[in-house]
């Protein structure tokens, strides 16, 4: 049963911490009351780690070790099948963990609670996720800190990533090959360093989890009711054990799904006039000139800080996601003293995106706007009726494609050796790789309409403004696009952006750990170990910005698309249910053009006369290697730890220290600007000298002490306390001394340094406390608080008026540096109760307060929701399994000071509702249906300062349903 672990959140519940806590407490009271009327024999699970028995109760000194062993034995011999068993396993893992931890477990062999790993993690206290195209969960944040503060591992091996940084994209990994996931929130010396928010460890199944021969085949088909697009998946898992010595497990997954995301936004951002008062700290971003409603050419006092739209767009992104994965594990146990495990996974995500969008570049410049209307410091309406080709509105057709093909693999071998009765060793060696080669294959291509027109724009508060464009021949843009009145002759070539990077990430790791059983002076055992990793991450950017190719077919050198030929405009798009729920008059159907046909037509045009002299030559516009944003980073880490595990009457603890040494070697390239040519308004071309290689080497050593303590008031009630120093390394691209001046192309003379090898890690002092009451079988009520004091936050230095050697131009210079700090405080409430009648409930609520300081100024941390919550109901008895899940993320700041201090971008609150039903026809056949995003949730963004609220972005994914069948052999 693919059932989430929590469900059915009532909208508006999460933002109210007192109400949330009261609701969860009420649910707990109901569960306790039910538990109290049950027969005493049903309270304690048979042979369960959740309820220590006999010797453990009588001898609290050994409680920790006995509970851990008992849990391991129980989990090995209980067949995990169904939602209830999954919840039981997760709760046992939480209870027997050494520190603060929450877990998700498979509902059966090869079946995770959700189709997406990140979606399952969102049910855990303290976890929030971000979504990619199609609404699929992609990045994970823990306890008020973003993905860059989180470390993701697979069987305790670091996962390579296909992005520039360390944060893992969970959409590359099919959930079918995962048997469980642990979110470790507190720190221990024996646990791998690198996370401040939390460590997410994904686990694969063992063939000895279910001894004997088992096989399962699943087939699924799905449909999205908004897009009317379909998909399917087939997966298979086989497991077998041969006596007690040998076990094998293999899995395979293939999925092919089509998804659509309707989107609107402000690519060019909002324009805001400068403010003369130095205290406002805003010099404006009106590149085309300050917005001047009265046309007097002077920035009047009532025009200071005036805001107007720079560019807005609306369209749809279509994506075909193909996933393939192979997994395998072989375990050999020749004796009680030795266990050798060899395992690996290999995955491919092939998910090209094609975005068809209509764009309106309305940026103000003198003589471009008339009939300007303003309200509350915002331009709410204007007319564009200039006949000057450089000033009139040219509606644009955008095609944005993203070529994302990710090949990932993790292979490793692990050896456990019990050398003596008191001495054990564990060795692990692995390699993790990720490869995505998209160089020059991503496109941002623009065709521009070329006829004189009169356009009126009115901001209504909707995500897309009202727009009416009437061309000189009488055609109306909105109705004409709907009726097919426009064609190739109505468009000219314009911007041709060809880009993409090639990223190769390889991590090699070696670990040797040991444990010496002492069993005296309250010391149970001494753990010790050494770990070494080497990470090589290479990025090669391939684009046509470095050579000016992006503007090769623009301005006076534009070509009429009708003259170009080549069947460039090959689609008339009127997507079903497009932008339903968004009010306003704007194009809801548009033309789509085929980029491969377009590029082929441009190449076929080679040799034709070019207006500025010479002939057209596509090779002048083709993407080339861009050295300015390419790099090679090698990071070597060596860590040593020692940890003492202690216990006494009613308590157990651990104390230790981890010593970490990191060496970084970074290589990049620099190329000076030789000259800058102005092609027209907001259109420049920079010419670069030959690149020269530059390098930086750095190292640092950190000591990371930690201590954890658990007091057992009774066998059902325990208190955890923890304190530690933790660290998270800078994102990989921030270590490479790359730089870019790409913004010169549109008139923004800024040099941005992407990295600095001298950056130190984020470091934090963190404190945890957790009260856990396991009041009944498979049931618990928990409350946790935490605090993290973070140092060495990475921020950006900003210098203006810098001479970087370009004649006639001074530049702004941006560079990442250490120096800022942050503080995160929060609480977590979790509740789970499973009744014997088949019903169950699980709820969680997390509230955190995050603050950071940049240059002495307090700011919110970006991308962090102040509250997340879940509430779920389930029923599982006999052949039926039913569940409903809602995960709520509160409104949060996604970007700060976008158009001046206090003008923050905010993501609106969202509730994601999922429901499932399954029926066991017989012992070998199971059928199921699942619905995702049943409330048709949308992700919306706003920009404002409290008194002004502007639309900033919109994504809608629609409802999706999956029908599946599984056969057991």
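Numbering (our numbering), first residue to last: 3 to 971.
All C-beta atoms, glycine included, are put in the ideal place defined by N, C-alpha and C.
In this text the structure is predicted, and so the values were computed from the model without any measurement.
Tell me whether the beta-carbon of residue 130 lies closer than 7 Å to the beta-carbon of residue 140.
-> Position 128 of the chain shown, counting from 1, holds the residue named residue 130. Position 138 of the chain shown, counting from 1, holds the residue named residue 140. No, these two residues do not count as a Cβ contact at 7 Å.
Completely contained beta strand (DSSP E) runs for the region 645-683, where each covers 3 or more residues | Listed in chain order, the complete beta strand (DSSP E) runs (minimum 3 residues) inside the region 645-683 are 653-672 and 675-682.
Cβ pair count under 8 Å reaching 3, the region 587-607 against the region 637-647 = Remark: fewer than three beta-carbon pairs, one from each stretch, lie closer than 8 Å, so the region 587-607 and the region 637-647 are not flagged as touching.
Just list the beta strand (DSSP E) runs in the region 282-351, keeping only unbroken ones of 3 residues or longer that don't cross its boundaries, in chain order.
-> The region 282-351 contains these whole beta strand (DSSP E) runs: 309-311 and 313-337.
Report all residues from its chain with a CB closer than 7 Å to the CB of residue 134; omit the five preceding and five following residues, and keep chain order.
-> Against the chain shown, residue 134 aligns to sequence position 132. Result list for residue 134: 140 and 173, in chain order.
Relative to the alpha-carbon of residue 329, which residue among 855, 175 and 392 has its alpha-carbon at the smallest distance?
-> On the chain shown, residue 329 is found 327 positions in, with the first residue counted as 1. Residue 175 is the option with its Cα nearest to residue 329.
Find out if the Cβ-Cβ distance for the pair residue 645, residue 768 is shorter than 7 Å.
-> Numbered from its first residue, the chain shown carries residue 645 at position 643. Numbered from its first residue, the chain shown carries residue 768 at position 766. No, the pair does not count as a contact, with Cβ atoms beyond the cut-off.
Reference residue 305, options 126, 381, 266 and 268, closest by Cα | Taking the first residue of the chain shown as position 1, residue 305 is located at position 303. When only C-alpha atoms are compared, the closest one is 381.
Can you give, in chain order, each stretch of the beta strand (DSSP E) that sits fully within the region 742-815 and has at least 3 residues?
-> Listed in chain order, they are 752-755, 764-778 and 781-804.
Assign residue 541 to buried or exposed, taking buried as 16 or more other Cβ atoms, counted over all protein chains shown, within 10 Å of its Cβ.
-> On the chain shown, residue 541 is found 539 positions in, with the first residue counted as 1. Under this definition residue 541 is a buried residue.
Do you know how far the Cα of residue 508 is from the Cα of residue 635?
-> Residue 635 sits at position 633 when you count from the first residue of the chain shown. Residue 508 sits at position 506 when you count from the first residue of the chain shown. Residue 635 and residue 508 have their C-alpha atoms spaced approximately 11 Å apart.
Between the Cα of residue 708 and those of 570, 724, 697 and 718, spot the shortest distance and give me the residue it belongs to.
-> Stepping through the chain shown from its first residue, residue 708 is reached at position 706. Measuring C-alpha to C-alpha distances from residue 708 to each of 570, 724, 697 and 718 identifies 724 as the nearest.
Secondary structure of residue 428, DSSP reduced to three states | On the chain shown, position 426 is the one that residue 428 refers to. The three-state secondary structure of residue 428, taken from DSSP, is strand.
Just how far apart, CA to CA, sit residue 870 and residue 721?
-> Mapped onto the chain shown, residue 870 falls at position 868. Mapped onto the chain shown, residue 721 falls at position 719. Answer to the nearest angstrom: the Cα atoms are 24 Å apart.
What separation, rounded to the nearest whole angstrom, lies between the Cα atoms of residue 263 and residue 106?
-> The count along the chain shown starts at 1 and reaches residue 263 at position 261. The count along the chain shown starts at 1 and reaches residue 106 at position 104. Roughly 29 Å between the two C-alpha positions.
Kindly identify the DSSP beta-bridge partner or partners of residue 974.
-> Nothing can be reported for residue 974: it is not among the residues displayed for the chain, which extend from 3 to 971.
Does the distance from the C-beta atom of residue 878 to that of residue 84 stay below 7 Å?
-> The residue given as residue 878 occupies position 876 in the chain shown. The residue given as residue 84 occupies position 82 in the chain shown. Yes.
Does DSSP put residue 513 in a helix, in a strand, or in coil?
-> Mapped onto the chain shown, residue 513 falls at position 511. Residue state, collapsed to three classes: strand.
Taking residue 161 as part of the alpha helix (DSSP H), name the residues at either end of that continuous run.
-> Locating residue 161 in the chain shown gives position 159, counting from the first residue. Per DSSP, residue 161 belongs to no alpha helix (DSSP H) and is neither H nor E.
Beta-ladder partner(s) of residue 897, from DSSP = Within the chain shown, residue 897 is the residue found at index 895, counting from 1. Bridge partners of residue 897 according to DSSP: 907.
Cα-Cα separation between residue 829 and residue 771, rounded to whole angstroms = Taking the first residue of the chain shown as position 1, residue 829 is located at position 827. Taking the first residue of the chain shown as position 1, residue 771 is located at position 769. Roughly 9 Å between the two C-alpha positions.
Hey, is residue 949's beta-carbon within less than 7 Å of any beta-carbon in chain D?
-> Absent from the structure: chain D. Only one protein chain is present.
Secondary structure at residue 940, three-state DSSP: helix, strand or coil?
-> What you label residue 940 is simply residue 938 of the chain shown in a count that begins at 1. Residue 940 sits in a strand when the DSSP states are folded into three classes.
Throw me the rounded Cβ distance for the residue 687 and residue 550 pair, which I believe falls under 8 Å.
-> Residue numbering aside, residue 687 sits at position 685 when the chain shown is read from its first letter. Residue numbering aside, residue 550 sits at position 548 when the chain shown is read from its first letter. Contact between residue 687 and residue 550 holds: their C-beta atoms lie close to 4 Å from each other, under 8 Å.
Are the beta-carbon atoms belonging to residue 543 and residue 628 less than 7 Å from one another?
-> Translated into the one-based positions of the chain shown, residue 543 becomes position 541. Translated into the one-based positions of the chain shown, residue 628 becomes position 626. For the pair residue 543 and residue 628, the CB atoms are nearer than the 7 Å cut-off.
Contacting residues, own chain, Cβ-Cβ under 6 Å from residue 95 (five flanking each side not counted) = Translated into the one-based positions of the chain shown, residue 95 becomes position 93. 105, listed in sequence order.
Hey, which unbroken runs of the beta strand (DSSP E) at 3 residues or more fall wholly within the region 135-193?
-> List check, beta strand (DSSP E) in window: 139-144, 152-156 and 182-186.
Using the Cα positions of residue 185 and residue 199, report the straight-line distance between them to the nearest angstrom.
-> Walking along the chain shown from the start, residue 185 turns up at place 183. Walking along the chain shown from the start, residue 199 turns up at place 197. Going from the Cα of residue 185 to the Cα of residue 199 covers about 10 Å.
Environment of residue 695 [buried if 16+ CB atoms lie within 10 Å] = Residue numbering aside, residue 695 sits at position 693 when the chain shown is read from its first letter. Residue 695 sits exposed, since fewer than 16 C-beta atoms from the chains shown fall within 10 Å of its C-beta.
Measure the CB-CB distance between residue 965 and residue 931 and report whether it falls below 7 Å.
-> As a first step, residue 965 is located in the chain shown; it is residue number 963 there, counting from the start. As a first step, residue 931 is located in the chain shown; it is residue number 929 there, counting from the start. A Cβ-Cβ contact shorter than 7 Å links residue 965 with residue 931.
Residue 413 beta carbon less than 7 Å from that of residue 346 | Walking along the chain shown from the start, residue 346 turns up at place 344. Walking along the chain shown from the start, residue 413 turns up at place 411. Contact flag set, yes.
Residue 779 versus residue 841 - alpha carbon distance | Within the chain shown, the letter at position 777 stands for residue 779. Within the chain shown, the letter at position 839 stands for residue 841. Residue 779 and residue 841: Cα-Cα distance of roughly 14 Å.
Cβ separation of residue 125 and residue 889, assumed to be a contact under 8 Å, to the nearest whole Å = For the purposes of this step, residue 125 is taken as residue 123 along the chain shown, with counting starting at 1. For the purposes of this step, residue 889 is taken as residue 887 along the chain shown, with counting starting at 1. About 6 Å; that satisfies the 8 Å criterion.
Based on the DSSP secondary-structure assignment, which residues constitute the bridge partners of residue 407?
-> Within the chain shown, numbered from 1, the residue matching residue 407 stands at position 405. Paired residue(s): 352.
Can you tell me whether residue 340 is buried or exposed, with buried defined as 16 or more other CB within 10 angstroms of its CB?
-> Translated into the one-based positions of the chain shown, residue 340 becomes position 338. Per the 10 Å Cβ criterion, exposed.
Using the beta-carbon count (16 or more within 10 Å), is residue 466 buried or exposed?
-> As a working note, residue 466 is residue 464 in the chain shown. By the neighbour-count criterion, in which a residue is buried when 16 or more other Cβ atoms sit within 10 angstroms of its Cβ, residue 466 is buried.
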